[in-house]
Amino acid sequence: MCDDAILEVKNLSYSYDGEKKIFSNIDFKLHKGEVLVILGANGAGKSTLLDCISNMLTPTRGEILLKGKNIAKYAINDVAKIMGYVPQISVPTFSYTVRDYIVMGRAPHMGILNVPGPAEYDKVDEVMKDMWISNLADKIYANISGGERQQAQIARILVQETDIILLDEPTNHLDYGNQLKIIEIISQLARNRGLTVVLTSHIPDHAIMIDEKVGILDNLGHMRVGPVKEVISEASLKALYHTDLHLVYIDELKRVACVAGKLNDENRKQFRSI
Amino acid sequence: MINLESSSKSIPIDKPKAQISAVWDAHKIICLLIILFLAAFLISLSIGRFHVPLIQVVKILISQVVPTGMEVTWTEQMENVIINIRLPRLVGASLVGGALALSGATYQGIFKNPLVSPDLLGVSNGACVGAAVAILLGFPSLAIQGFALLTGLLAVLISTSIPRFFKNNSSLMLVLGGVIVSGFMSSLLGITKYVADPDNQLAAIVYWTMGSFATTNMNQVLLVMPAILSVMAILLLMRWRINLLSLGDKEARSLGVNIRKTRGLAIFCATILTACAVCLCGTIGWVGLIIPHFGRLIIGHDNRYLLPISTIIGAVFMIVVDTIARNLTGSEIPLSIITGLLGAPLFVWLLARQKVRIS
Numbered sequence: 371m372c373d374d375a376i377l378e379v380k381n382l383s384y385s386y387d388g389e390k391k392i393f394s395n396i397d398f399k400l401h402k403g404e405v406l407v408i409l410g411a412n413g414a415g416k417s418t419l420l421d422c423i424s425n426m427l428t429p430t431r432g433e434i435l436l437k438g439k440n441i442a443k444y445a446i447n448d449v450a451k452i453m454g455y456v457p458q459i460s461v462p463t464f465s466y467t468v469r470d471y472i473v474m475g476r477a478p479h480m481g482i483l484n485v486p487g488p489a490e491y492d493k494v495d496e497v498m499k500d501m502w503i504s505n506l507a508d509k510i511y512a513n514i515s516g517g518e519r520q521q522a523q524i525a526r527i528l529v530q531e532t533d534i535i536l537l538d539e540p541t542n543h544l545d546y547g548n549q550l551k552i553i554e555i556i557s558q559l560a561r562n563r564g565l566t567v568v569l570t571s572h573i574p575d576h577a578i579m580i581d582e583k584v585g586i587l588d589n590l591g592h593m594r595v596g597p598v599k600e601v602i603s604e605a606s607l608k609a610l611y612h613t614d615l616h617l618v619y620i621d622e623l624k625r626v627a628c629v630a631g632k633l634n635d636e637n638r639k640q641f642r643s644i
Numbered sequence: 082m083i084n085l086e087s088s089s090k091s092i093p094i095d096k097p098k099a100q101i102s103a104v105w106d107a108h109k110i111i112c113l114l115i116i117l118f119l120a121a122f123l124i125s126l127s128i129g130r131f132h133v134p135l136i137q138v139v140k141i142l143i144s145q146v147v148p149t150g151m152e153v154t155w156t157e158q159m160e161n162v163i164i165n166i167r168l169p170r171l172v173g174a175s176l177v178g179g180a181l182a183l184s185g186a187t188y189q190g191i192f193k194n195p196l197v198s199p200d201l202l203g204v205s206n207g208a209c210v211g212a213a214v215a216i217l218l219g220f221p222s223l224a225i226q227g228f229a230l231l232t233g234l235l236a237v238l239i240s241t242s243i244p245r246f247f248k249n250n251s252s253l254m255l256v257l258g259g260v261i262v263s264g265f266m267s268s269l270l271g272i273t274k275y276v277a278d279p280d281n282q283l284a285a286i287v288y289w290t291m292g293s294f295a296t297t298n299m300n301q302v303l304l305v306m307p308a309i310l311s312v313m314a315i316l317l318l319m320r321w322r323i324n325l326l327s328l329g330d331k332e333a334r335s336l337g338v339n340i341r342k343t344r345g346l347a348i349f350c351a352t353i354l355t356a357c358a359v360c361l362c363g364t365i366g367w368v369g370l371i372i373p374h375f376g377r378l379i380i381g382h383d384n385r386y387l388l389p390i391s392t393i394i395g396a397v398f399m400i401v402v403d404t405i406a407r408n409l410t411g412s413e414i415p416l417s418i419i420t421g422l423l424g425a426p427l428f429v430w431l432l433a434r435q436k437v438r439i440s
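The listed protein sequences derive, respectively, from chains Y and E. All you need for my numbering is the position in the first sequence, starting with 1, plus 370. All you need for my numbering is the position in the second sequence, starting with 1, plus 81.
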């Protein structure tokens, strides 16, 4: 390998049943401590892309290299030691305590007949302390709030001790305060722990706040990847969401923010009959 | 370290202590249940139309293990009733109850659904067809059991190959496979009943499908015991993996679980348990469905504790059911009738207690 890219996606394409094309020819490289925010409209294929990267789906074409080695050549358990995946918030059918939920992150490091013991729980307690969620330990995971659940999911992935974490719309269903909290946690994980993070989002501001790499997945299934300043523009966002959007510079924040304008005429016509 | 607050002062936590006490509580509950099981076992041995005092039961059992050095205070008839008649069926009942409950708890965990039972993939209906065919052909009881075991396993094999046929590895596809095979097997069972001689064969088939330990002898029990105990041991050892599987396919896979192999092994073990239980005493409903709920009420949803506890409660429940079956009336009552009559109201009560959200 000519460089030390930890995650490399090469010429990746996916189509359902070999016909319905979801995305094609996606290329990007991420190094230690880099964050990639994938923006895309509903149904653009962001989750499918994450599923391919996380080895849940086999891409139709192209390859994914983890630490320079094709992901298909790893055992499932070894992928889980390098790359963790947080799906969109899901609540298990059964009521586990938050602590018992987080300890499941140790699974890739344990044998099939082992159960977690004090060493595993020590790791859980340490991570929960770092994330300031020790108070949730004995609560039932299904009963805590959405923001708390997302933090517990991130804690589980930290206990998993991977180099890369993938998050599928981690701010979905969260209020403003919790969205900012999760964005801040993600930035800190990359900066302080050197984790490589890939996340999907609907909100351009999240990419602007994190200010690292961004990928815009359009409806034709192409993704343009680059630094925020190069990729995010009013024109690219308008084309992405088919609506009037503005990037406004906010003095106090020392950054631009994305503000929605109005629907385009074509879309508005559709709703006239309502 | 990620410190979301500016200061890095630590929060006092005493969670490890709480965890230790939870584990200790679980162990205490398991010990209590084992004592309850032994008590139920001994009391049930003494109860019957021919009453044997409890102290004599204990003495007879000890005399079997340590043959010399004890004054014989019991009659030969007592020993015969305890050792040759009641002991085999109680050992059988304990094994079957434990097997069905463990199998049910495993299935419920794997399929993320507290309302499934061990015959989800068609093992019971399949076994019934095999047993019915063997009865039609006039085979002896050992052959009936063998046929039941084979067709039960065959039914599950077909169910599990349906997802493979569609190249769809999801749990839902597996459940649909089970529905298809169960339905088909129950039609085949209908055909065997239709062509059976109504005077004796039909009665034998119907009686078999309702479950009974009336004809169980020690040889039959010893034949399935090694299989049941060893498979139970595997499931109990992989109990934490059931927790992982219960998160759903995607999350479990992201945690490094090889879904196909792990779920396959768990389903295989749970199926063997049910198939062995069915071939020993015929089909028995409700146990695999309600006992895990009962376990959850006592210990919570964590399969690390739920699986062992369900196994013991299942054994106790089956001892009680069998004791009722042989004592309530002059003739034996089929087990499924009692498990149904006890199970249905118990299930309503459990659902009310657990406030299970069914949408």
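For every residue, glycine included, the Cβ atom is placed at its ideal position computed from N, Cα and C.
| Query | Result |
| --- | --- |
| Within chain Y, partners of P195 of chain E - CB distance below 8 Å | T463 and F464 |
| Whole-angstrom distance between V456 of chain Y and V401 of chain E, CA atom to CA atom | 46 Å |
| Contact residues within the region 321–336 of chain E, judged by C-beta distance below 9 Å to chain Y | W321, R322, N324, L325, S327, L328, G329, D330, K331, E332, A333, R334, S335 and L336 |
| Backbone secondary structure at S385 of chain Y - three-state DSSP | strand |
| Chain E residues whose Cβ lies nearer than 8 Å to that of V485 of chain Y | R320, W321 and R385 |
| Cutoff 7 Å: M426 of chain Y Cβ touching any chain E Cβ | yes |
| CB-CB length for I216 of chain E against A285 of chain E, believed under 8 Å | 5 Å |
| C-beta atoms of A186 of chain E and L388 of chain E nearer than 7 Å | yes |
| Collapsed DSSP secondary structure at L400 of chain Y in the structure displayed | strand |
| Euclidean distance between Cα positions of G411 of chain E and I243 of chain E | 46 Å |
| Start-to-end residues for the beta strand (DSSP E) that takes in D619 of chain Y | Strictly speaking, residue 619 of chain Y in this sequence is Tyr, with Asp absent from that position. Taken as a continuous stretch (DSSP letters only), the beta strand (DSSP E) holding Y619 of chain Y covers T613 to I620. |
| Element boundaries [alpha helix (DSSP H), containing S263 of chain E] | S252 to V276 |
| Residues that V312 of chain E contacts on chain Y, provided the C-beta gap is smaller than 8 Å | Result: empty, since nearest Cβ-Cβ is about 14 Å, beyond 8 Å. |
| Per-residue contacts from H108 of chain E into chain Y (C-beta, under 7 Å) | Here the premise fails: no neighbours, minimum Cβ distance about 13 Å. |
| Any C-beta of chain Y under 7 Å from that of T298 of chain E | The question names Thr, yet the displayed sequence has Asn at residue 298 of chain E. Chain Y contact via Cβ: absent. |
| Neighbourhood of K551 of chain Y by C-beta, 7 Å cutoff - its chain only, sequence neighbours within 5 removed | G517 |
| C-alpha distance - S89 of chain E paired with V497 of chain Y, whole-angstrom precision | For S89 of chain E, the pLDDT reaches just 35, beneath the cut-off of 50, and the residue's location in the model is therefore unreliable, although a value from the coordinates is still provided. Cα to Cα, the separation comes out at about 14 Å. |
| Neighbour flag for A450 of chain Y against chain E, beta carbons, 7 Å | yes |
| Chain Y contact residues for V338 of chain E, given Cβ-Cβ distances below 7 Å | A477 |
| Start-to-end residues for the beta strand (DSSP E) that takes in E160 of chain E | No beta strand (DSSP E) contains E160 of chain E, which is instead part of the alpha helix (DSSP H) from E157 to E160. |
| Reference L378 of chain E; option with closest CA among E:P195, E:Y188, E:D200 and E:I141 | E:P195 |
| Neighbour list for H382 of chain E in chain Y, Cβ cutoff strictly below 7 Å | F464, S465 and Y466 |
| Burial state of S91 of chain E, where buried means 16 or more other Cβ atoms lie within 10 Å | Note that S91 of chain E scores a pLDDT of 35, beneath 50, so its modelled location is shaky; the value from the coordinates is reported in the next line. Classification of S91 of chain E: exposed, given that the 10 Å Cβ count is below 16. |
| Cβ of Y546 of chain Y within 7 Å of any chain E Cβ | no |
| Reference W321 of chain E, options E:L336, E:S311 and E:L310, closest by Cα | E:L336 |
| C-beta neighbour in chain E for P457 of chain Y, strict 7 Å | yes |
| Below-7 Å beta-carbon distance, K402 of chain Y vs any chain E residue | no |
| Assigned exposure category for Y546 of chain Y - 16 Cβ within 10 Å defines buried | exposed |
| Neighbour flag for N447 of chain Y against chain E, beta carbons, 7 Å | yes |
| DSSP beta-bridge partners of N505 of chain Y | DSSP output for N505 of chain Y lists no bridge partner at all. |
| Separation of S394 of chain Y from G591 of chain Y, as counted between CA atoms | 6 Å |
| Euclidean distance between Cα positions of P307 of chain E and L238 of chain E | 22 Å |
| Given I371 of chain E as reference, the closest of E:H132, E:I225 and E:G424 once Cα atoms are compared | E:G424 |
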